[in-house]
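Trainee: Once you've had a glance at the structure underneath, I'll fire off some questions.
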Amino acid sequence: MFAAENGLKGDPRLEAISAAIRVVPNFPKKGIMFQDITTLLLDHKAFKHTIDIFVDRYKDMHISVVAGVEARGFMFGPSIALAIGAKFIPLRKPGKLPGKVISESYELEYGHDRLEMHVGAVEPRERVIIIDDLVATGGTLSAAISLMESQGAEVVECACVIGLPEVKGQHKLKGKPLYVLVEPSGLDELC
Amino acid sequence: MSGNKVEEDPRINGIKTKIRVVPDFPKKGIMFQDITTVLLDPKAFKDTIDLFVERYRDKNISVVAGIEARGFIFGPPIALAIGAKFVPLRKPKKLPGETIFEEYELEYGNDRLEMHVGAVDAGDRALVVDDLIATGGTLCAAINLLERVGAEVVECACVIELPELKGRQRLKGKPLCMLVEYRC
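In order, the protein sequence lines correspond to chains C and Z. Under my numbering, read the first sequence as residues 616 to 806, first letter to last. Under my numbering, read the second sequence as residues 986 to 1169, first letter to last.
Put into structure tokens, the structure is as follows:
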């Protein structure tokens, strides 16, 4: 669900966040209007608004884990975790985590990739939020949910700054709620 | 807190005990310093960030640059707390806009660090953040990128230093602030 439909309608912070996101056409390939959040990180106020909105939502939900998807999930997740007193767990590409890992495969446009998590990072029955900058097909988030559930943890919600049109109207991802702040900018420039 | 080390602060020991050492990763002979276990302890993680924030909040830092990927975990919370922008320094081809790059040496071959054009302005006062300093090669590349666009690198900040690798000497004269030393 989008934040504007869920209590934050007309919130000026959402406009500031949307305006701070830069659209880069034809990256990584022709036809894709890439949603660049690095410009949001350059705008201290808008970046703080982003974190504050997530913190306000999750601080009273007894969340003990914030899991962030490499690499842009690392830019948002830790600040949220720190503010709500939760652990931060990085979910990483293969071969990066040094200890014993579990992994889950997910589909790319061509081929597959894997997401890994340290064994023992999350415990059974922990309440988890999974965070990434953007949700498109939901493949990566689904893999993340699987990792958590395989360890007996409960995914309370998936949270993203940006949600592509495919997810509009879809409140749930693999049965889990999805919370998104803004829609992509600049899509009217698509031919 | 004074000087480049903060060894007198009682929070340091709590952080140090949370770092997990993983032998022979990524290859035999390397004792890998795993900070993910620090992130699993909300108090230790908060203390880590607080120590840096306390040091930098009154130093008019306008940019915190974090090195991919573990610098992305520590850098943004520091940036948010001190009112600075956060700039990710990334491996090649990850940043979507126009970039500049700096090469640095690996054990075998080279790699590149990239930064978006326009992210940092001339006159910006910058911190460079990473989880660990080893040889200093990546940090040196980061300093070069920032200086090329006219920023002033005030300090490098790392959770862990491997002093035997002498990375501190490769920082173009810039000071290093670290919390925990690891000697083999």
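Glycine is no exception: its CB is placed at the ideal position from the N, C-alpha and C atoms. Since the model is a prediction, treat every value here as computed from it, not as a measurement.
(1) What are the boundary residues of the alpha helix (DSSP H) that includes Asn1129 (chain Z)?
(2) Just to confirm my understanding: we take Leu1150 (chain Z), look at its own chain, exclude 5 residues before and 5 after, and list those with CB closer than 7 Å. What are they?
(3) If the cut is a Cβ gap below 7 Å, which residues of chain C does Lys1012 (chain Z) touch?
(4) Output needed in chain order: residues of the stretch 1015–1047 of chain Z with a Cβ under 8 Å from some Cβ in chain C.
(5) Can you find a CB in chain C that lies within less than 9 Å of the CB of Gly1094 (chain Z)?
(6) Going by alpha carbons, who is nearest to Phe642 (chain C) out of C:Phe703, C:Arg707, C:Asp651?
(7) Touch check for the stretch 1064–1077 of chain Z and the stretch 1088–1107 of chain Z: three-plus C-beta pairs under 8 Å?
(8) According to DSSP, is Asn998 (chain Z) part of a helix, a strand, or is it coil?
(9) Measuring alpha carbon to alpha carbon, tell me which residue in Z:Ile1063, Z:Asn998, Z:Val1144 is nearest Ser1047 (chain Z).
(10) For a contact meaning CB atoms closer than 9 Å, what does Val684 (chain C) contact in chain Z?
(11) Is the shortest distance between the beta-carbon of Glu1137 (chain Z) and the beta-carbons of chain C less than 9 Å?
(12) To the nearest angstrom, how far is the alpha carbon of Asn1095 (chain Z) from that of Glu1132 (chain Z)?
(13) How far does the alpha helix (DSSP H) with Arg729 (chain C) in it extend, from its first residue to its last?
(14) Using a Cβ-Cβ distance cut-off of 9 Å, determine whether Leu1131 (chain Z) contacts chain C.
(15) By the 10 Å Cβ neighbour count, where 16 or more other Cβ atoms means buried, how is Thr654 (chain C) classified, buried or exposed?
(16) For Phe945 (chain Z) versus Leu656 (chain C), is the C-beta spacing smaller than 9 Å?
(17) Taking three-plus beta-carbon pairs below 8 Å as touching, is the stretch 1155–1162 of chain Z in contact with the stretch 1001–1018 of chain Z?
(18) Taking DSSP as the reference, what is the three-state secondary structure of Leu655 (chain C)?
(19) Within 10 angstroms of its Cβ, does Asp603 (chain C) collect 16 or more other Cβ (buried), or is it exposed?
(20) May I ask you to verify whether the stretch 711–720 of chain C touches the stretch 748–764 of chain C, counting CB pairs closer than 8 Å and requiring at least 3?
(21) Grab me the residues of Ala768 (chain C)'s own chain with a C-beta within less than 8 Å of its C-beta, minus the 5 sequence neighbours each way, in chain order.
(22) If you measure from the beta carbon of Val1072 (chain Z) to each beta carbon in chain C, is any gap under 9 Å?
(23) Less than 9 Å between CB atoms is the rule here; does Ser765 (chain C) satisfy it with respect to chain Z?
(24) Taking a cut of 8 Å between CB atoms, which residues from the stretch 731–758 of chain C lie near chain Z?
Mentor: Well, looking at it:
(1) The count along the second sequence starts at 1 and reaches residue 1129 (chain Z) at position 144. Asn1129 (chain Z) -> alpha helix (DSSP H) spans 1122–1133.
(2) Position 165 of the second sequence, counted from the first residue, corresponds to residue 1150 (chain Z). Only Ala1119, Thr1120 meet the Cβ criterion.
(3) Counting from one through the second sequence, the residue named residue 1012 (chain Z) turns up at place 27. Within chain C, no residue comes near Lys1012 (chain Z); the closest Cβ sits about 11 Å away, beyond 7 Å.
(4) Phe1017, Asp1019, Thr1021, Leu1024, Leu1025, Asp1026, Pro1027, Phe1030, Lys1031, Ile1034
(5) By one-based count along the second sequence, residue 1094 (chain Z) stands at place 109. No, because no Cβ of chain C sits closer than 9 Å to the Cβ of Gly1094 (chain Z).
(6) The sequence position of residue 642 (chain C) within the first sequence is 27, counting from 1. Cα-wise, what sits closest to Phe642 (chain C) is C:Asp651.
(7) yes
(8) Numbered from its first residue, the second sequence carries residue 998 (chain Z) at position 13. Asn998 (chain Z) falls in the helix class under three-state DSSP.
(9) The residue labelled residue 1047 (chain Z) in the question sits at position 62 within the second sequence. Taking only the C-alpha atoms, the option nearest Ser1047 (chain Z) is Z:Ile1063.
(10) Residue 684 (chain C) sits at position 69 when you count from the first residue of the first sequence. What Val684 (chain C) touches in chain Z: nothing, since even the nearest Cβ is about 11 Å away.
(11) Taking the first residue of the second sequence as position 1, residue 1137 (chain Z) is located at position 152. No, Glu1137 (chain Z) does not count as interfacial toward chain C.
(12) Taking the first residue of the second sequence as position 1, residue 1095 (chain Z) is located at position 110. Taking the first residue of the second sequence as position 1, residue 1132 (chain Z) is located at position 147. Between Asn1095 (chain Z) and Glu1132 (chain Z), the C-alpha separation is close to 21 Å.
(13) In the first sequence, counting from the first residue as 1, residue 729 (chain C) sits at position 114. Looking at the DSSP string, Arg729 (chain C) is not in any alpha helix (DSSP H); the run it does join, the beta strand (DSSP E), is 727–733.
(14) As a first step, residue 1131 (chain Z) is located in the second sequence; it is residue number 146 there, counting from the start. No, Leu1131 (chain Z) does not count as interfacial toward chain C.
(15) For the purposes of this step, residue 654 (chain C) is taken as residue 39 along the first sequence, with counting starting at 1. Classification of Thr654 (chain C): buried, given that the 10 Å Cβ count is 16 or more.
(16) Nothing in the structure corresponds to residue 945 (chain Z), since chain Z is present only between 986 and 1169.
(17) no
(18) In the first sequence, counting from the first residue as 1, residue 655 (chain C) sits at position 40. If DSSP states are grouped into helix, strand and coil, Leu655 (chain C) belongs with the helices.
(19) With chain C running from 616 to 806 in the structure shown, residue 603 (chain C) is simply not present.
(20) yes
(21) Indexing the first sequence from 1 puts residue 768 (chain C) at position 153. Excluding residues within five positions, the ones whose Cβ falls inside 8 Å are Val680, Val737, Glu738, Pro739, Arg740, Glu741, Arg742, Val743.
(22) The sequence position of residue 1072 (chain Z) within the second sequence is 87, counting from 1. True, the Cβ-Cβ gap to chain C drops below 9 Å.
(23) Locating residue 765 (chain C) in the first sequence gives position 150, where the first residue counts as 1. No, its Cβ sits nowhere closer than 9 Å to a Cβ of chain Z.
(24) His733, Ala736
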